[in-house]
Every structure is written in structure tokens, then in C-alpha cells.
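Engineer: Got a structure for you, written out below as C-alpha cells; questions coming shortly.
Protein chains: 2
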Amino acid sequence: MNTPSHTVRAYSEELNALSDEIARMGGLCESQVTDCITAVVRRDPQLADTVVKTDAEVDALETAIERRVIRMLALRQPMASDLRTTIAAYRISGDLERIGDLAKNVGRRVHELNKSEPLDLTRSAERMGRLVVANLHRVLDAFASGSAEECIAVCRADEEVDEHYNSLFRELLSFMIEDPRTITASAHLLFVAKNLERIGDHITNIAEMIHYLVTGAELHRDTRRETADGG
Amino acid sequence: MNTPSHTVRAYSEELNALSDEIARMGGLCESQVTDCITAVVRRDPQLADTVVKTDAEVDALETAIERRVIRMLALRQPMASDLRTTIAAYRISGDLERIGDLAKNVGRRVHELNKSEPLDLTRSAERMGRLVVANLHRVLDAFASGSAEECIAVCRADEEVDEHYNSLFRELLSFMIEDPRTITASAHLLFVAKNLERIGDHITNIAEMIHYLVTGAELHRDTRRETADGG
């Protein structure tokens, strides 16, 4: 039979396949974020390289999702709510791709960090990272369960991530001032912390999209919240 | 008459309107990037605030584009090439939104930078910024003219932006080590430079999308290019 399967499959089945791909992509990103933090803490270059390599899989999934979305839009005229879900999935895959990229970026810095003596502040970065991982896990659960409450909780928890970042930023600067020999390593750790903070922002983007899909209402959180570094 | 105009308007007219919105968004981003660099160099907090304020307009345009794209996809079943153009426009608006956000972030840092003495390296950041602005201008022209050659030129010119960033990164670290009093300001300028480098990456994303739209072929540039900061 030459009939392409998508012409006989229902749109809802395509949506399920799309959700599965998002879940798989989310799982990969979660291990990337977990591993990049562990690689920083344990100064483990092999684990860091694994994070970098995994990113190619994440990118490939994003491309697959994009192709599926375009195919779905092209071959079927989705109803309003299906269309919204399809576009939301597409956007979520974009945020996950950025998360994978930022984790990869942290992984790459491990090699630079390992050129200097370990910094005490690595532990603070680790605590911040654990919060980010927990939040990512929660938002992926919320995507599976469709829980609007969890989305609100995730956005609130991100404020704590920002607080961690703010104090880490200040501590790192004092550290550099007190002991200029730590400057190179501190600058790299500053970027690590900034990347974790930005991963947190992408997680809240995802939470907002799920919340909107589930309730039809926008989450009015303060997205313009400034961090201590002015950015 | 209650007939919505979009049901009588041709898809190509909707595409023209979409292109106009992208061009307007691009123009706003171009002034944001230009102004944020000038605000850093002239230590001008008012201009910095203008950059921050303009970002709301950029965001509003992105939302308008997203709505239009969803409406276009929902109400018409675009042909393959129209669909590709529509999705590309949607993605370009996403990159422009990120560019606006990064310029806003640079604008916010002006207040922090102005708390310290001016750094000599501000001029290097300015040179890097001028290159980024020129590249953004070029890619917006390429969007209007559909020139594949310009897209290739833009991607090549971004390598120069990365070289600027790499030397600035190294210079800033030596600067901090030599004179710890400059650490806070240098850390902010480091983020300014990183944001400009990331704006450059979004510009090449746009160039790649236009190139693909125009030629149907992907631009195989080295997207995995590493910068001196390891990221």
C-alpha cells in the first residue's frame, strides 16, 4: 500500500506522537542539565563531553518535531484547539532546544574551569542547579498531566532560582576582588550561573504555555523581573 | 459587511502584510541594538531606558505576527512553499524578539556600568557592536531582496564578530587581574560583549532561514563554533 499512514491516522494520534517526542526531548534535556551540574562539581570532563554530545540528539528531535508540525499543518486543517496545541508543542520544543544548548554551554566550560583550582562557590552553583533540575522535572510532569497548579508552582519556584543567582553573582564579584587569582575561574562560573538562570527562564516559558493550553488564561507573572547583574 | 477581510484577501497579500511586520520589527531591533551600544559608550542612561522601553513594542509585534501566522494557518490551507514562508517568518520573528531582549539587557547594564569609572575596553565593545549592527542591517536587506549571497556574507561576517568577542573576553580577564578595582565594571562589560555575540548568532539564524527559503538548500556553516570563553 502506498497510502501514507498520516492520511488515515487521526489528528489526535499525530498529537499523541508529538507529545511523545516532546517528552523524549524533555527527558534528554533533564539529563543534560543534571549531568552538566555534576560535571562542574566533580570536575569531570568525560561527563561534560557526554552533555555536549547529547545536544546533537536534542537538536535532531527538535528538527523531527518541526517537520511533524509542518506536515500536520500542511496535510490537515486542524481545529482551533488542536492548532493551538500543535503550535504550543512547536514552541515548547524551541525552549527545550535552548535549554539543551545552555546545558551544552555549561558542559564546555568544565574544561576551562578545570584549568584552575576548585572554587568554594561551586557548591552554591550546584544548589542553584538542583533547583533548576527539579523545576524542569516538574514542568515536564505538568506537560504530561496537564496540571495548571503545577505550572503556577514552577513559575513561583523560579523566583527562588533568581534569588540564588543574585547572591551568587554578588559573591562571585567579591571573590574576584578579594583574590584576583580566582578571576578566570570565577568568570567562567559566572557564565555557568547565568546559563542556569536562563534555563530557569525557559522552564517558566514552558510552564506559561502549558498553563495557557490547559486553562485558556495567561499567567501574569512578572517576566520582566531583573536580576542583580542588571540583566 | 461582516465578512472578515481575510477570507476574501489572497494568501499572498497576507504574506506581504507578514513581511511588512517582520521588516518593522527588524527596524525596531536595529535601533535598539544601535542605541544600546551608544548608551554604553556615552554612558547615557536615558538612551538606555529608551532601548528598554522599545522592547515592549518589539514584543507586541511578535505577538501580532504570531496571531497572524496562526490565523493564516487556521483559515487557509497554505501550499507547501507558502507554508514554509509562513513558518520561516514566524521563526524570524522569534529571533528578532530575542535580539530585542538582548539589546534591552545591554541597556539595563548601562546603569550598573555607570556606577564605575569608564573602562578603556568600552571602545573594543563598541567596534564589535558596530559590526553586529551592520550585520543586522544586511540580513534585513537580504530578507527584503531575497539575496542568498548576502546571507552567506552575513554568516561569514559573524565569524569576525566572534573573533572580536574572543579577544575582548581575554582582554577583560587580564584587565580584571591587573586592576581588581575594575572587576565589577569588567564583569558587566563581559556580559555586554556576550550579549552582542549572541545577537550575532541570532542574525546568522535569520540568514540561514532566508537562504533556505530562497535557494531550498541549507547553509552548512559551523554553527558549533566555540568562543574563547568555552561557550
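Those protein sequences? They're chains A and B, same order as listed.
Just so we're aligned: 227 in UniProt numbering is position 227 of the first sequence, and the numbers increase by one with no gaps anywhere.
Just so we're aligned: 85 in UniProt numbering is position 85 of the second sequence, and the numbers increase by one with no gaps anywhere.
In this text, a Cβ means the ideal position worked out from N, Cα and C, and glycines have one as well.
None of these values were measured; they are calculated from a predicted model.
Name the two residues that bound the continuous alpha helix (DSSP H) containing T85 of chain B.
Structural biologist: T85 of chain B -> alpha helix (DSSP H) spans A80 to L113.
Engineer: Using a Cβ cut-off of 7 Å, pull out every chain A residue sitting near L73 of chain B, in sequence order please.
Structural biologist: What L73 of chain B touches in chain A: L73 and L83.
Engineer: Can you list the residues of chain B that V22 of chain A reaches, using a CB-CB cut of under 7 Å?
Structural biologist: Reading the sequence as shown, one finds Ile at residue 22 of chain A and not Val. Residues of chain B passing the Cβ test: none, with the nearest at roughly 18 Å.
Engineer: May I ask you to list, following chain order, the residues of the region 182-207 of chain B that have a beta carbon less than 8 Å from some beta carbon of chain A?
Structural biologist: Hits within the stretch, in order: I183, T184, A187, H188, L190, F191, K194 and N195.
Engineer: Taking Cβ-Cβ distances below 9 Å as the criterion, which residues of the region 112-132 of chain A are in contact with chain B?
Structural biologist: Listed by position, the residues of the region 112-132 of chain A near chain B (Cβ gap below 9 Å) are E112 and L113.
Engineer: Which chain A residues are close to Q77 of chain B, counting only those with a beta carbon under 8 Å from its beta carbon?
Structural biologist: Those within 8 Å of Q77 of chain B in chain A are A74 and Q77.
Engineer: Cα separation between D158 of chain A and C151 of chain B?
Structural biologist: So the two alpha carbons sit approximately 38 Å from each other.
Engineer: Taking C-alpha atoms, which residue in B:S147, B:I99 and B:S124 lies nearest to residue 316 of chain B?
Structural biologist: A question about residue 316 of chain B goes unanswered here, because the residues of chain B that appear run from 1 up to 231.
Engineer: Near R224 of chain B, which residues of its chain fall below 6 Å by C-beta distance, leaving aside the five closest residues on each side in sequence?
Structural biologist: Bear in mind that the predicted position of R224 of chain B carries a pLDDT of just 45, short of 50, making it unreliable; the figure below should be weighed with that in mind. There are no such residues.
Engineer: Residues in the region 23-50 of chain B with C-beta within 7 Å of chain A's C-beta atoms, listed in sequence order?
Structural biologist: Answer in chain order: no residues at all.
Engineer: Which same chain residues, not among the five before or five after L190 of chain A, have their C-beta less than 6 Å away from its C-beta?
Structural biologist: Same-chain partners within the cutoff: L172.
Engineer: Using only CA atoms, which one of A:L196, A:N166 and A:G216 lies nearest to L102 of chain A?
Structural biologist: Taking only the C-alpha atoms, the option nearest L102 of chain A is A:L196.
Engineer: Could you tell me which of A:R156, A:V33, A:D59 and A:F143 sits nearest to L47 of chain A, measuring between CA atoms?
Structural biologist: Cα-wise, what sits closest to L47 of chain A is A:V33.
Engineer: When you compare each of B:V52, B:G27 and B:L28 to residue 233 of chain B by their alpha carbons, which one comes out closest?
Structural biologist: Residue 233 of chain B cannot be examined here, being either before or after the span of chain B that is shown, 1 to 231.
Engineer: Since A142 of chain A meets chain B, which of its residues come closer than 9 Å, beta carbon to beta carbon?
Structural biologist: Those within 9 Å of A142 of chain A in chain B number zero; the least Cβ separation is about 22 Å.
Engineer: What does M176 of chain B touch in chain A if you count any residue whose Cβ is under 8 Å from its own?
Structural biologist: The contacting residues are M176, P180, I183 and A187.
Engineer: So I65 of chain A and L18 of chain A are supposed to be a Cβ contact under 8 Å. How far apart are they, rounded?
Structural biologist: With 8 Å as the limit, I65 of chain A and L18 of chain A qualify as a contact, their Cβ atoms being about 7 Å apart.
Engineer: Taking 8 Å as the CB-CB cut-off, is D158 of chain B touching chain A?
Structural biologist: Not an interface residue.
Engineer: May I have a chain-ordered list of the alpha helix (DSSP H) segments no shorter than 4 residues that lie completely inside the UniProt domain "PhoU" (126-209) of chain A?
Structural biologist: With a minimum length of 4 residues, the continuous alpha helix (DSSP H) runs that stay inside the UniProt domain "PhoU" (126-209) of chain A are 148-178.
Engineer: Does chain A have any CB closer than 8 Å to the CB of A10 of chain B?
Structural biologist: So no, A10 of chain B is outside the interface.
Engineer: Below 7 Å on C-beta distance, what does I87 of chain B contact in chain A?
Structural biologist: Within chain A, the residues near I87 of chain B are I70.
Engineer: Cutting at 6 Å between CB atoms, please list the residues of its own chain near A148 of chain B, excluding the five before and the five after it.
Structural biologist: Correct list, in chain order: H211, V214 and T215.
Engineer: Using a Cβ-Cβ cut-off of 8 Å, state whether T7 of chain B counts as contacting chain A.
Structural biologist: Low local confidence applies: a pLDDT of 44 at T7 of chain B is under 50, so the model's placement there is unreliable, with the coordinate-based value given in what follows. Chain A, which has no Cβ nearer than 8 Å to the Cβ of T7 of chain B, makes this no.
Engineer: Counting contacts by CB-CB distance shorter than 8 Å, is L136 of chain A in contact with chain B?
Structural biologist: No, no contact with chain B.
Engineer: I want to see whether chain A comes within less than 8 Å of L168 of chain B, judged by CB atoms only; does it?
Structural biologist: Not an interface residue.
Engineer: For A17 of chain A, which of helix, strand or coil comes out of DSSP?
Structural biologist: Helix at A17 of chain A.
Engineer: Is M209 of chain B near R91 of chain B, with beta carbons less than 8 Å apart?
Structural biologist: Yes, Cβ-Cβ distance for M209 of chain B and R91 of chain B is below 8 Å.
Engineer: Against chain B, with Cβ distances strictly below 8 Å, would D95 of chain A count as a contact?
Structural biologist: D95 of chain A does not count as touching chain B.
Engineer: State the DSSP-derived secondary structure class of G26 of chain B, mapped to helix, strand or coil.
Structural biologist: Of the three classes helix, strand and coil, the one that applies to G26 of chain B here is helix, per DSSP.
Engineer: Taking 8 Å as the CB-CB cut-off, is D229 of chain B touching chain A?
Structural biologist: For D229 of chain B, the answer is yes, since a Cβ of chain A falls inside 8 Å of its Cβ.
Engineer: Who are the neighbours of L173 of chain B on chain A, taking C-beta pairs under 7 Å?
Structural biologist: Within chain A, the residues near L173 of chain B are I183, T184 and A187.
Engineer: Shorter than 8 Å from the beta carbon of A80 of chain A to some beta carbon of chain B?
Structural biologist: Interface residue, yes.
Engineer: Look up L213 of chain B in the DSSP assignment and say whether it is helix, strand or coil.
Structural biologist: DSSP places L213 of chain B in helix when its eight states are reduced to three.
Engineer: Could you check whether the region 64-80 of chain B touches the region 19-28 of chain B, counting it as contact only if at least three pairs of C-beta atoms, one from each stretch, sit closer than 8 Å?
Structural biologist: Flag = yes, the region 64-80 of chain B and the region 19-28 of chain B touch.
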